[in-house]
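Protein chains in written order, with this note's numbering: chain A, 1107 to 1468; chain B, 1107 to 1468. Ideal Cβ placement from N, Cα and C applies to all residues, glycine included. Here the structure is a predicted model, which means the values were calculated and not measured.
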DNA sequence: ACCGTGCATGACAACGTTTGCATTGCAAGA
DNA sequence: TCTTGCAATGCAAACGTTGTCATGCACGGT
């Protein structure tokens, strides 16, 4: 694409090549594109391609997009954080998006919301990624007011459930919401520990206000209460999704009169922190304390012991999100589908859980 | 942008809004853009904005780009690997690129090379990211033949030095090459250990064929030979940039007749592996063995002990790369500058190094 | 009253590629 | 020899926005 203000004296790209070779611009255009090259006689096509390469021809993307009326490109919106891609969620979701989009011949752009103080969500979105055909929102969690502003939004849009506030029903958002089935995942984590004979089970939860934390807490409590193993209030700790929170939380639980024999952790990092704190306190995992995480991040297999965890199928979520964007982009101007797509969260049983010892039973 | 094949019966966007309000499309275009909105009378501007919102108007990016002749978007080319963003190099470089581009009002796209068997590098590049104004190449390392094909390349392009083969002079590539000063960094790692009194220093190197590994080996050896502390051949291990390689390498070193009291590791992961292997062998780091890494990745501070390492300033490299792309895009069609920009690699002294014990001196 | 200036607005052509439809030439078959 | 079908190619319009230049009107100064 030529620089602005540099008025061309000679003809533009394709027209200039056509003039040089004595053919029409249509022929040059056909020769240059893989999907129409076969319509041009081989010897002529070669000449066109050779001259194009010699003159370093690059097609004008604006002209192409205007004429074809097609823009196969989507944007992933992420938080502005220098460590953002090291997170299992963002790093793997982005890699999955890249893969899923490439498989469809679509491009991926990435940007941040850049929401200034006092501006509404709608205002922030107004000039966001105008050069793409759809948005996958992975950025800062939205408030209930933000979610309201999504109603009636016409651009193809997918929201990850993690960005929803706990109190909002996903199906009422007015856009597709993709996420993991936290409740079922948490239930199966608790269920595993129950099956292993544990009855004194602690919970190391995530932050208040987090959709994932909220749903995982719900899943743990439902299963434990149903089994008559409702954790004592002092066996429940709420904190950030971090190893430090896990350490603090476990130390708190270990100080109780009758410590738990197992803990459910709301994410893998909390679990790592808990395992570390147990080790420091002289407890062996899983001999003295079973630990279950949630995420199945890259370190879940590498840590000692390898972590039993609930897998968050991020590549599947990415694949689903891209599919929804491509589908919505095929009929532009329509309302987004109001739907919730929850991926199942399989259990990965590894080394950090074992049956409760007889002496540990209550 | 309308879907292809869907012939509009009514007028297009701006023209349709103009017709509805009885103004000219020029006025609507001015009202809709922040930079020209002030030219339109306020009451009229409000009417235009209200109608645009009611009709869910989105500007046609193809038409804009064609008419303005501007495309402020760059593409980062990465390997196709589901774990790619967890790597310190890729994760932090991408985050840095996002930040640097946003600061300049540029967009970031991300894609993979998708190079099929038997195709040349030039062929793979030919249809790559045609909708952006420049490329930052972070993908698979190039062969000397690949590098030759970059000569004469006209699109704005930046290559990270990590992608260069060891034998190629960076300044001869014909495009800007951005990297870290590996040699100086490696020298300072070796120098630190020498200053701490170590004279029996082992090397856990990266893979043959890697530019970074090649340069770091050179830096270590230059400094150690100069100090008369050239490592014995059996104190040098070459392997992948991985924790496993570090473990294997250190175990090999520990089996030698007179084990080193310190090791230089060609990246942080090798260092983690070495620390782990030392621990398993009953050695304390840094009491019994000092370890220096290279990268200063996100785990360097979190591991036990915190790692002394050479910092690879990836955010600076990203900032520099984006600046070079934006600068080159300002004069399209010109040859890329043949240049090498090496960032200094500062030393981060933490807990994994200490002065050699008197009894350990030779 | 007249003239000059500035503001708001409109007209118009341009940006560069692509595609639908028309044309032409050539080969094959009747 | 004539007709028909097909491959290759060209013409012309289209895609939607915006920059540049022109114009009209209101206001202030002489």
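Reduced DSSP secondary structure (H/G/I, E/B, other) of residue i
i: residue 1134(B); result: helix
i: residue 1342(B); result: strand
i: residue 1276(B); result: helix
i: residue 1310(B); result: strand
i: residue 1287(A); result: coil
i: residue 1417(B); result: strand
i: residue 1113(A); result: Residue confidence is low: residue 1113(A) scores 36 on pLDDT, short of 50, so the model does not pin down where it sits. No coordinate-derived value is stated.
i: residue 1264(A); result: strand
i: residue 1270(B); result: coil
i: residue 1120(A); result: helix
i: residue 1297(B); result: helix
i: residue 1448(B); result: strand
i: residue 1126(B); result: helix
i: residue 1458(A); result: coil
Partners in chain B for residue i, counting only beta-carbon separations shorter than 8 Å
i: residue 1214(A); result: 1215, 1216 and 1217
i: residue 1179(A); result: 1215 and 1237
i: residue 1231(A); result: Here the premise fails: no neighbours, minimum Cβ distance about 12 Å.
i: residue 1421(A); result: 1188
i: residue 1404(A); result: 1189 and 1192
Proximal residues of chain A, C-beta to C-beta of residue i below 7 Å
i: residue 1197(B); result: 1191, 1192 and 1197
i: residue 1357(B); result: Result: empty, since nearest Cβ-Cβ is about 17 Å, beyond 7 Å.
Cross-chain neighbours of residue i in chain A, by beta carbon under 9 Å
i: residue 1260(B); result: 1162 and 1164
8 Å contact criterion, which residue i and residue j should meet: CB distance rounded
i: residue 1172(A); j: residue 1168(B); result: 4 Å
i: residue 1343(A); j: residue 1334(A); result: Residue 1343(A) to residue 1334(A), Cβ: 22 Å. No contact.
i: residue 1374(B); j: residue 1403(B); result: 5 Å
i: residue 1376(B); j: residue 1262(B); result: Actually they are not in contact, since the Cβ atoms of residue 1376(B) and residue 1262(B) sit about 35 Å apart, beyond 8 Å.
i: residue 1296(A); j: residue 1371(A); result: Rounded, the Cβ-Cβ distance is 12 Å, inconsistent with contact.
i: residue 1199(A); j: residue 1424(A); result: 5 Å
i: residue 1268(A); j: residue 1213(A); result: 24 Å between Cβ atoms; not a contact.
i: residue 1415(B); j: residue 1429(B); result: Going by Cβ atoms, the distance from residue 1415(B) to residue 1429(B) rounds to 27 Å, so no, they are not a contact pair.
i: residue 1135(B); j: residue 1177(B); result: Not really, about 19 Å apart at Cβ, beyond 8 Å.
i: residue 1293(A); j: residue 1329(A); result: 4 Å
Within chain A, the residues that residue i reaches when beta carbons sit closer than 8 Å
i: residue 1204(B); result: 1184, 1186, 1216, 1217 and 1218
i: residue 1208(B); result: 1186, 1217, 1218 and 1220
Per-residue contacts from residue i into chain B (C-beta, under 7 Å)
i: residue 1376(A); result: By Cβ distance, chain B contributes nothing, its closest Cβ being about 15 Å from residue 1376(A), past 7 Å.
i: residue 1064(A); result: Nothing can be reported for residue 1064(A): it is not among the residues displayed for chain A, which extend from 1107 to 1468.
i: residue 1200(A); result: 1191
i: residue 1454(A); result: Under the 7 Å cutoff, chain B gives no residues; its nearest Cβ is about 16 Å from residue 1454(A).
Listed by chain order, chain B residues near residue i by CB distance under 9 Å
i: residue 1234(A); result: What residue 1234(A) touches in chain B: nothing, since even the nearest Cβ is about 10 Å away.
i: residue 1120(A); result: Going along chain B, no residue has its Cβ under 9 Å from residue 1120(A), so there is no contact; the nearest lies around 13 Å.
i: residue 1171(A); result: 1107, 1166, 1167, 1168, 1169, 1171, 1172 and 1237
Original post:
Which full runs of the alpha helix (DSSP H) of 4+ residues lie inside the stretch 1166-1254 of chain A, going along the chain?
Top reply: 1167-1174, 1194-1209 and 1227-1232
**OP:** Kindly confirm or deny that the stretch 1451-1460 of chain B and the stretch 1391-1403 of chain B touch, where touching means at least three C-beta pairs closer than 8 Å.
**Re:** The stretch 1451-1460 of chain B makes contact with the stretch 1391-1403 of chain B: 3 or more CB pairs, one atom from each, lie closer than 8 Å.
Subject >> Inside the stretch 1326-1401 of chain B only - alpha helix (DSSP H) runs reaching at least 4 residues >> reply: 1349-1360 and 1374-1386
Original post:
Three or more beta-carbon pairs under 8 Å between the stretch 1139-1154 of chain B and the stretch 1145-1158 of chain A, yes or no?
Top reply: Contact between the stretch 1139-1154 of chain B and the stretch 1145-1158 of chain A is absent, with fewer than three C-beta pairs closer than 8 Å.
Subject >> Touching by the beta-carbon criterion (3+ pairs, under 8 Å), the stretch 1313-1321 of chain A and the stretch 1120-1134 of chain B >> reply: no
Original post:
Does the stretch 1442-1454 of chain B come close enough to the stretch 1280-1289 of chain B that 3 or more CB-CB pairs lie under 8 Å?
Top reply: yes
Original post:
If you pair each beta-carbon of the stretch 1330-1343 of chain B with each one of the stretch 1272-1282 of chain B, do three or more pairs fall below 8 Å?
Top reply: Remark: fewer than three beta-carbon pairs, one from each stretch, lie closer than 8 Å, so the stretch 1330-1343 of chain B and the stretch 1272-1282 of chain B are not flagged as touching.
Subject >> Any 3 or more C-beta pairs closer than 8 Å across the stretch 1405-1414 of chain A and the stretch 1219-1229 of chain A >> reply: The stretch 1405-1414 of chain A vs the stretch 1219-1229 of chain A: no contact.
**OP:** Could you tell me whether the stretch 1171-1188 of chain A touches the stretch 1209-1224 of chain A, where touching means 3 or more Cβ pairs closer than 8 Å?
**Re:** yes
Subject >> the stretch 1324-1333 of chain A contacting the stretch 1285-1300 of chain A, beta-carbon criterion three pairs below 8 Å >> reply: yes
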